[in-house]
Each structure stands twice: as C-alpha cells, then as structure tokens.
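Under numbering that gives the first Met the number 0, the final residue of the sequence shown carries the number 146; numbering is consecutive throughout. Note that beta-carbon positions come from the ideal geometry of N, C-alpha and C, so glycine has one too. Bear in mind that the values here come from a model prediction, so they are computed numbers and not experimental data.
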Amino acid sequence: MAEGWGRRGPWDMMPEGMRRFGLPEQFKRFVDEWETSWLRVEQFREGDSLVVRAELAGIDPEKDVDVTVQDGTLTIKAERRESSENRGKGGYRSEFRYGSFARTLDLPRGARGEDVKASYHDGVLEVRVPVAPESGPGPTKVNVSRD
C-alpha cells in the first residue's frame, strides 16, 4: 500500500498526480462540483409508464423540488439547505451534501409530458411519465448491395 493512503483516499492524492501529468487543478474542482450536484436516480418501465425515482432525503418537496418536462427530457432539480443550528456545538462534523442537485433524463418516444405525476414519500421522489404504446411498423430491414 502506498505511503499515506491509510490516512487519505486515492482521490485526495489526485491533485498532486494531476499536476505531475500536466492536468489542470480546475479539473478536480469541476469533478468535485459535478459529483456533489449529481442526483442519483433509478428508472424502469411499469406497464404504460416510465417510473423515475430520485433519492432526495431531507428536503421539503413543496419548496425545494422542481420537476419539468420539455423537448423530450425530464429534469429534476432540488436543493438541500444546511441547517446552522448545529454549527455552534463543539466537534461539529457533517458528511451530508448540501446545495443544488439536478438530473436530466431523455424520455422515450411517445412520452406524454402533459400527464406526468410526481409524488414524494420517505425521502424518495417518484415521477411517473405515461408513455403511449409504440405505433406504426417496426424496424425495416435494409439490404446492402455491392457497388
């Protein structure tokens, strides 16, 4: 095991390695910001609906969540505000992530954005997007000829 890895993780070592290989320090800041603003989701089809669930514990869904459908995409934005009531206590430590979180997902063909429903229960936002069954002919086989 490399010296120092017991106290720090490999990502903590990254800025030094990035400088050694000529990668800019701004890259690490970009990755850190991207990682903390990423909203984890799961999505699956259930009958005639696309179901998207987002992990959003500790937020007020009426104030802090924005769900929009536009141009074939579903966007979920949320903000978790940090409570300052614990800051004055000795030994304060928090590994919670605060700030803005967002995720944009492409919707399948036939998604009906005007009929989207969203609900929040036990820290999970669930968005249901009705999807019309695919109509029309299936794929067309195209023959390839030699010139």
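Measuring from the CB of residue i, is there a heavy atom of the ligand MG at a distance below 7 Å?
i: T103; result: Within the structure as shown, the ligand MG is missing, as the structure has no ligands at all.
If I follow the unbroken alpha helix (DSSP H) through residue i, where does it start and stop?
i: P60; result: 60-63
Which of helix, strand or coil does DSSP assign to residue i?
i: D114; result: helix
i: K76; result: strand
i: A53; result: strand
i: D47; result: coil
i: T139; result: coil
i: G122; result: coil
i: G98; result: strand
i: D70; result: coil
i: L104; result: strand
i: T35; result: Note that T35 has pLDDT 46, beneath the 50 cutoff, so the model's placement of it is unreliable and the number below is only indicative. T35 falls in the helix class under three-state DSSP.
Rounded C-beta distance between residue i and residue j? I'm assuming under 8 Å.
i: F100; j: L38; result: 4 Å
i: A77; j: D63; result: 6 Å
Along the chain, where does the beta strand (DSSP E) containing residue i start, and where does it finish?
i: A131; result: Taken as a continuous stretch (DSSP letters only), A131 belongs to no beta strand (DSSP E), as it is neither H nor E.
Using a 10 Å radius around the Cβ and a threshold of 16 neighbouring Cβ atoms, would you call residue i buried or exposed?
i: A131; result: exposed
i: A56; result: exposed
i: V123; result: exposed
i: V115; result: buried
i: V141; result: exposed
i: V143; result: exposed
i: Q42; result: exposed
Whole angstroms is fine: what's the gap from residue i's alpha carbon to residue j's?
i: D47; j: A110; result: 10 Å
i: G112; j: R79; result: 26 Å
i: Y97; j: L104; result: 22 Å
i: R108; j: D146; result: 36 Å
i: D65; j: R44; result: 22 Å
i: T35; j: P136; result: With a pLDDT of only 46 at T35, under the threshold of 50, the placement of this residue in the model should not be trusted; the figure read from the coordinates follows. Cα to Cα, T35 sits roughly 44 Å from P136.
i: T74; j: E61; result: 16 Å
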